[in-house]
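Residue numbers for the sequence shown follow the working numbering, so the first one is 11 and each next one is one higher. By construction, the Cβ of each residue, glycine as well, lies at the ideal position given by its N, Cα and C atoms.
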Amino acid sequence: MRKRAEIDGLRAVAVIPVILFHAGFGAFGGGYAGIDIFLVISGYLITTIIITDLRAERFSLANFYERRARRILPALFFVMLVSLPFAWFYLMPKDIEAFGKSLVAVSTFISNFLFWSEAGYFDTAAEPKPLLHTWSLAVEEQYYILFPLFLMLLWRFGMRFLVIACAILGVASLAAAHIGAGTLPAGNYYLLPTRGWELLLGVFAAFYLACREESGFSPRADQALSLLGAALILVAIFAFDSETPFPSLYALVPTVGALLIILAAREGTIVCHVLSNRLFVGIGLISYSAYLWHFPLFAFARHRSLTEPELWLMAALCVATLPLAYLSWRFNENPFREKSKTSRVQIVAFGGAAPAGFIALGLFGAMSGGFPGRGENPLLTADLDTALTFALKDEAGEVCYDRKRDFCVFRNEASTAWVQILGDSHAATLAPGLVARLRPHANITSLTNSQCWPMMGFKKHSRFGVPDSDCTPEIQRARLDALLTRENSITVIAGRLPVYLSGRSFDNQEGGREADNFLLTEPLAGQTLEEGVHHYIDLLLARGHQVVLVYPIPEVGFDVPRHILRMTMLGDWRPGETVLATRSDVYRARAAEAFAVLDAIDHPGVARVYPHKLFCDNQIAGKCVVHDGGDVFYQDDDHPSTAGARLINVPIVELIEQMLAAD
Numbered sequence: 011m012r013k014r015a016e017i018d019g020l021r022a023v024a025v026i027p028v029i030l031f032h033a034g035f036g037a038f039g040g041g042y043a044g045i046d047i048f049l050v051i052s053g054y055l056i057t058t059i060i061i062t063d064l065r066a067e068r069f070s071l072a073n074f075y076e077r078r079a080r081r082i083l084p085a086l087f088f089v090m091l092v093s094l095p096f097a098w099f100y101l102m103p104k105d106i107e108a109f110g111k112s113l114v115a116v117s118t119f120i121s122n123f124l125f126w127s128e129a130g131y132f133d134t135a136a137e138p139k140p141l142l143h144t145w146s147l148a149v150e151e152q153y154y155i156l157f158p159l160f161l162m163l164l165w166r167f168g169m170r171f172l173v174i175a176c177a178i179l180g181v182a183s184l185a186a187a188h189i190g191a192g193t194l195p196a197g198n199y200y201l202l203p204t205r206g207w208e209l210l211l212g213v214f215a216a217f218y219l220a221c222r223e224e225s226g227f228s229p230r231a232d233q234a235l236s237l238l239g240a241a242l243i244l245v246a247i248f249a250f251d252s253e254t255p256f257p258s259l260y261a262l263v264p265t266v267g268a269l270l271i272i273l274a275a276r277e278g279t280i281v282c283h284v285l286s287n288r289l290f291v292g293i294g295l296i297s298y299s300a301y302l303w304h305f306p307l308f309a310f311a312r313h314r315s316l317t318e319p320e321l322w323l324m325a326a327l328c329v330a331t332l333p334l335a336y337l338s339w340r341f342n343e344n345p346f347r348e349k350s351k352t353s354r355v356q357i358v359a360f361g362g363a364a365p366a367g368f369i370a371l372g373l374f375g376a377m378s379g380g381f382p383g384r385g386e387n388p389l390l391t392a393d394l395d396t397a398l399t400f401a402l403k404d405e406a407g408e409v410c411y412d413r414k415r416d417f418c419v420f421r422n423e424a425s426t427a428w429v430q431i432l433g434d435s436h437a438a439t440l441a442p443g444l445v446a447r448l449r450p451h452a453n454i455t456s457l458t459n460s461q462c463w464p465m466m467g468f469k470k471h472s473r474f475g476v477p478d479s480d481c482t483p484e485i486q487r488a489r490l491d492a493l494l495t496r497e498n499s500i501t502v503i504a505g506r507l508p509v510y511l512s513g514r515s516f517d518n519q520e521g522g523r524e525a526d527n528f529l530l531t532e533p534l535a536g537q538t539l540e541e542g543v544h545h546y547i548d549l550l551l552a553r554g555h556q557v558v559l560v561y562p563i564p565e566v567g568f569d570v571p572r573h574i575l576r577m578t579m580l581g582d583w584r585p586g587e588t589v590l591a592t593r594s595d596v597y598r599a600r601a602a603e604a605f606a607v608l609d610a611i612d613h614p615g616v617a618r619v620y621p622h623k624l625f626c627d628n629q630i631a632g633k634c635v636v637h638d639g640g641d642v643f644y645q646d647d648d649h650p651s652t653a654g655a656r657l658i659n660v661p662i663v664e665l666i667e668q669m670l671a672a673d
């Protein structure tokens with residue numbers, strides 16, 4: 011296989027944007043596309059190696075897997091080994107537990123499945139997993155296992171048959187990726203079936219160039235096509251961002267760009283000249299180690315800092331990645347790749363012993379719960395337990411949350427009064443305490459559903475336009491019809507209304523910002539969201555319901571229990587002195603629109619509860635506190651803990667008891 015310096019240069023073009031994107035440099039909003047470029051390169055190089063050996067009738071699976079092991083495992087396991095002490099000192103118990111699982115998954119080439127399974131609504135993007143980036147290695151490793159077998163099986167049928175078979179697989183994979191970008195975004199991102207087409211683009215390049223040494227185009231066409239390829243890559247890096255559905259048809263932009271460079275960036279072209287520059291080639295040679303090192307560096311820096319690290323620090327870590335990568339390449343990668351220095355027996359022994367050790371360590375960390383004795387803090391009581399507190403169960407033992415249409419019913423045969431709890435996950439955190447306090451006085455129903463504030467005439471969808479099946483207009487109508495069957499009841503409505511009105515995550519302006527993982531709320535028939543809220547509540551009031559409106563609970567912007575535990579572990583917590591709080595003016599600005607919407611409901615049947623009066627401007631002027639001397643009020647960055655819910659429920663219960671007494 012002829013050495014092509016421009017391919018090494020293309021590796022540099024792939025890895026640098028990935029590093030800068032993960033460091034948080036906003037200009038490189040589509041830097042993640044570098045991974046897709048890597049996949050195209052990998053598909054091209056690996057296929058070229060395999061079909062060259064198949065043509066010469068010397069291909070051996072044992073030799074192929076040995077070469078892959080020499081290329082991938084030494085640097086990977088070295089980075090994992092160096093990460094261990096940093097994980098011990100900087101990661102909290104839950105993070106250690108997750109890190110242990112990732113050690114097992116990386117060692118068995120299934121980390122993409124692990125991170126896919128862990129992705130979700132409450133996945134905290136601000137607390138990165140140090141080995142998260144290995145998902146792409148797992149995709150490649152799975153490709154390395156399957157694709158050689160595929161080629162060996164179909165090689166006898168000729169190149170034409172292979173091209174057709176790969177084309178069918180590629181089109182199916184691309185179609186699945188485009189559909190999955192909206193319907194199953196996490197699986198779409200992490201799994202081989204929806205990433206395979208990117209590898210297959212490189213496969214097609216290998217097939218094409220196996221039939222002809224050069225591109226087959228004229229020098230002028232090579233120049234134009236290679237420049238177009240470079241332009242497509244730059245467009246993806248600088249024009250795409252976190253809201254671009256990926257991978258999908260959009261991913262054709264950087265991947266086709268990489269394909270054009272592989273095919274057309276020949277000697278004499280501008281792109282070949284630039285990519286063959288010693289700087290680009292040098293970075294390309296160490297790109298694998300640079301990719302391995304950068305993410306743990308960034309992850310541990312973020313775990314060490316109480317807020318997002320300053321960009322100057324992240325820039326310094328970007329620079330530090332390159333000498334680390336060089337040392338790893340020079341003294342770790344290269345020695346293992348040279349058969350004169352390490353034999354096949356040594357590679358096999360290393361490839362078995364190292365994963366076994368990491369699997370043992372990972373299982374120990376995961377099964378121990380992350381060594382929870384570290385960093386004990388009396389504030390983090392068993393009452394908090396950092397677990398979600400809205401797992402209210404009905405009398406049959408079924409969880410009430412996310413029922414969508416069906417009420418959880420708690421009957422009191424001695425009473426004819428009904429209290430109904432309605433809203434999203436914020437309402438669900440209040441429900442267990444309300445049921446316990448009010449059941450002696452009334453029948454209780456609870457209907458709470460994730461990201462589903464009660465309003466009429468709207469639809470919810472992902473940022474990629476895919477409708478939400480859990481909070482449709484039909485579900486909202488069914489919920490309302492169920493509510494209206496019980497006349498003259500008391501309905502408690504609570505939820506995170508500022509999110510639905512703004513569609514934006516919360517930034518506390520002090521370094522704490524949550525991830526953008528919310529569904530967008532879009533009104534139908536030209537009405538506003540305010541009208542949708544009013545319409546829903548007006549229908550309840552017209553049927554004789556009394557309504558208790560719980561105003562927005564102050565958001566925090568950082569995971570409160572994790573923040574306290576981290577401060578304790580790092581020695582930054584001073585018992586009796588440290589008070590965590592956020593700016594109340596930021597809360598008021600954030601919630602102003604929601605307040606205006608709820609304040610505009612002028613009806614004698616409406617009572618109001620203001621959680622911010624309990625948390626803000628009391629202990630510290632201008633601040634909303636997240637704990638007191640004995641309790642933590644939040645279980646994450648916005649949901650109340652058991653103690654926080656208990657505090658909010660006091661005025662709610664008082665109002666309802668007064669209403670019941672008046673009846």
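Between the Cα of Ser236 and those of Gly206, Leu201 and Val281, spot the shortest distance and give me the residue it belongs to.
Translated into the one-based positions of the sequence shown, residue 236 becomes position 226. Nearest of Gly206, Leu201 and Val281 to Ser236, Cα basis: Val281.
Once the 5 residues before and after Glu16 are set aside, which same chain residues still bring their CB inside 8 Å of it?
As a working mapping, residue 16 is identified with position 6 in the sequence shown. Correct list, in chain order: Ile271, Ala275, Val281, Cys282, Leu285 and Ser286.
Starting from the C-beta of Arg449, find all residues in its chain whose C-beta is less than 8 Å away, skip the five residues before and the five after it, and write them out in chain order.
The residue given as residue 449 occupies position 439 in the sequence shown. Closer than 8 Å at Cβ, skipping near neighbours: Phe420 and Asn422.
Complete beta strand (DSSP E) runs within the segment 493-569 (minimum length 3 residues, chain order)
500-504, 530-533 and 556-560
Length of the line joining the Cα atoms of Pro257 and Phe31
For the purposes of this step, residue 257 is taken as residue 247 along the sequence shown, with counting starting at 1. For the purposes of this step, residue 31 is taken as residue 21 along the sequence shown, with counting starting at 1. For Pro257 and Phe31, the distance between alpha carbons rounds to 16 Å.
If you draw a straight line from the alpha carbon of Leu530 to that of Ser350, how long is it in whole angstroms?
One-based indexing of the sequence shown puts residue 530 at position 520. One-based indexing of the sequence shown puts residue 350 at position 340. So the two alpha carbons sit approximately 59 Å from each other.
Among Asp404, His649 and Val92, which has the Cα closest to the Cα of Phe516?
For the purposes of this step, residue 516 is taken as the residue at position 506 of the sequence shown. Ranking Asp404, His649 and Val92 by Cα distance to Phe516 puts His649 first.
How far does the alpha helix (DSSP H) with Asn344 in it extend, from its first residue to its last?
On the sequence shown, residue 344 is found 334 positions in, with the first residue counted as 1. Where Asn344 is concerned, the enclosing alpha helix (DSSP H) stretches over Asn344 to Arg347.
Output needed for Val543: all residues of its chain with C-beta closer than 6 Å, excluding positions within five of it in sequence on either side, in chain order.
As a first step, residue 543 must be located in the sequence shown, where it is residue number 533. Excluding residues within five positions, the ones whose Cβ falls inside 6 Å are Met465 and Val607.
Nearest to Ser297 (by Cα), restricted to the options Phe99, Pro255 and Leu86
Translated into positions along the sequence shown, residue 297 becomes position 287. Comparing C-alpha distances from Ser297 to each of Phe99, Pro255 and Leu86 shows the shortest one belongs to Leu86.
Return the CA-CA distance between Ser451 and Ala672, expressed in angstroms with no decimal places.
On the sequence shown, position 441 is the one that residue 451 refers to. On the sequence shown, position 662 is the one that residue 672 refers to. In the sequence as displayed, the identity of residue 451 is His instead of Ser. In a straight line, the C-alpha of His451 is about 13 Å away from that of Ala672.
Check whether the segment 307-319 and the segment 44-52 are in contact - that is, three or more C-beta pairs closer than 8 Å.
no
Quick one: residues in its chain with C-beta nearer than 6 Å to the C-beta of Gly197, no 5 flanking neighbours on either side, listed in chain order?
Mapped onto the sequence shown, residue 197 falls at position 187. Trp126, listed in sequence order.
Is the Cβ-Cβ distance between Phe346 and Arg80 less than 8 Å?
Numbered from 1 along the sequence shown, position 336 holds the residue referred to as residue 346. Numbered from 1 along the sequence shown, position 70 holds the residue referred to as residue 80. It is a contact, given that the beta carbons lie within the stated cut-off.
Could you pull the DSSP bridge partners for Lys403 from this structure?
On the sequence shown, residue 403 is found 393 positions in, with the first residue counted as 1. Bridge partners of Lys403: Val409.
Would Cys221 be called buried (16 or more neighbouring beta carbons within 10 Å of its own) or exposed?
To locate residue 221, count along the sequence shown from 1; it is residue 211. By the Cβ-count criterion, Cys221 is exposed, with fewer than 16 other Cβ atoms from all chains shown falling within 10 Å of its own Cβ.
Assign Ala15 to one of three DSSP states: helix, strand, or coil.
Numbered from 1 along the sequence shown, position 5 holds the residue referred to as residue 15. It is helical.
For Asp434 and Asn459, which I take to be in contact (beta-carbon distance under 8 Å), what is that distance rounded to the nearest angstrom?
To locate residue 434, count along the sequence shown from 1; it is residue 424. To locate residue 459, count along the sequence shown from 1; it is residue 449. The pair is a contact, with the Cβ atoms about 7 Å apart (cut-off 8 Å).
Determine the closest residue to Glu386 out of Tyr75, Leu91 and Pro103, with distance taken between C-alpha atoms.
Here residue 386 corresponds to residue number 376 of the sequence shown, with the count starting at 1. The shortest Cα separation from Glu386 among Tyr75, Leu91 and Pro103 belongs to Pro103.
Ignoring anything shorter than 4 residues, give me the alpha helix (DSSP H) runs that lie fully in the segment 194-259, in order along the chain.
Within the segment 194-259, the complete alpha helix (DSSP H) runs of at least 4 residues are 195-200, 206-221 and 229-249.
Helix, strand or coil: which one does DSSP assign to Phe132?
In the sequence shown, counting from the first residue as 1, residue 132 sits at position 122. For Phe132, the predicted model reports a pLDDT of 42, less than 50, meaning its position is unreliable and no value from the coordinates is stated.
Tell me whether Leu55 sits in a helix, a strand or coil according to DSSP, three-state version.
For the purposes of this step, residue 55 is taken as residue 45 along the sequence shown, with counting starting at 1. If DSSP states are grouped into helix, strand and coil, Leu55 belongs with the helices.
Fully enclosed by the segment 116-170, which alpha helix (DSSP H) runs are 4 residues long or longer?
121-128 and 145-164
Among Val616, Tyr301 and Asn518, whose alpha-carbon lies nearest the alpha-carbon of Val570?
Taking the first residue of the sequence shown as position 1, residue 570 is located at position 560. It is Asn518 whose Cα lies nearest to the Cα of Val570.
Between the C-alpha atoms of Arg340 and Ala330, what's the straight-line distance to the nearest angstrom?
For this step, residue 340 is matched to residue 330 along the sequence shown. For this step, residue 330 is matched to residue 320 along the sequence shown. Approximately 16 Å, taken between the alpha carbons.
So is Phe214 buried or exposed if we call it buried at 16+ other beta carbons inside 10 Å?
Counting from one through the sequence shown, the residue named residue 214 turns up at place 204. Buried is the label assigned to Phe214, since at least 16 other Cβ atoms lie within 10 Å of its Cβ.
Delimiting residues of the alpha helix (DSSP H) encompassing His622:
Against the sequence shown, residue 622 aligns to sequence position 612. Segment His622 to Phe625, the alpha helix (DSSP H) holding His622.
How would you label Arg514, buried or exposed, when you count the other beta carbons within 10 angstroms and need 16 or more for buried?
Against the sequence shown, residue 514 aligns to sequence position 504. It is exposed - the Cβ of Arg514 has fewer than 16 other Cβ atoms within 10 Å.
For Trp145, which residues from the same chain have a beta carbon less than 7 Å from its beta carbon, with the 5 sequence-adjacent residues on both sides left out?
For this step, residue 145 is matched to residue 135 along the sequence shown. Ser121, Asn122, Phe125 and Tyr200, listed in sequence order.
Which runs of the alpha helix (DSSP H) spanning at least 4 residues fall entirely within the segment 259-335, listed in chain order?
262-274, 280-285, 288-295 and 297-314
Select from Thr193, Ile29, Gly212 and Phe74 the residue whose C-alpha is nearest the C-alpha of Ile51.
Here residue 51 refers to the residue found at position 41 when the sequence shown is read from its first residue. Closest option to Ile51, Cα to Cα, is Gly212.
DSSP-derived helix/strand/coil call for Asn3
Absent from the structure is residue 3, since the part of the chain shown begins at 11 and ends at 673.
Please state if the CB of Phe368 and the CB of Leu113 are separated by a distance shorter than 8 Å.
Translated into positions along the sequence shown, residue 113 becomes position 103. Translated into positions along the sequence shown, residue 368 becomes position 358. Yes; because the gap between Cβ atoms is below 8 Å, this pair is in contact.
N-terminal and C-terminal residue of the beta strand (DSSP E) that Gly445 is part of:
Position 435 of the sequence shown, counting from 1, holds the residue named residue 445. It should be noted that the sequence gives Val, not Gly, for residue 445. Premise fails: Val445 lies in the alpha helix (DSSP H), Ser435 to Leu448, not in any beta strand (DSSP E).
Grab the span of the alpha helix (DSSP H) containing Arg656 for me, first residue to last.
As a first step, residue 656 must be located in the sequence shown, where it is residue number 646. Start and end: Thr652 to Ala672.
Which residue comes first and which comes last in the beta strand (DSSP E) that contains Val616?
Along the sequence shown, read from residue 1 onward, the residue named residue 616 stands at position 606. Run containing Val616: Val616 to Val619, per the beta strand (DSSP E) assignment.
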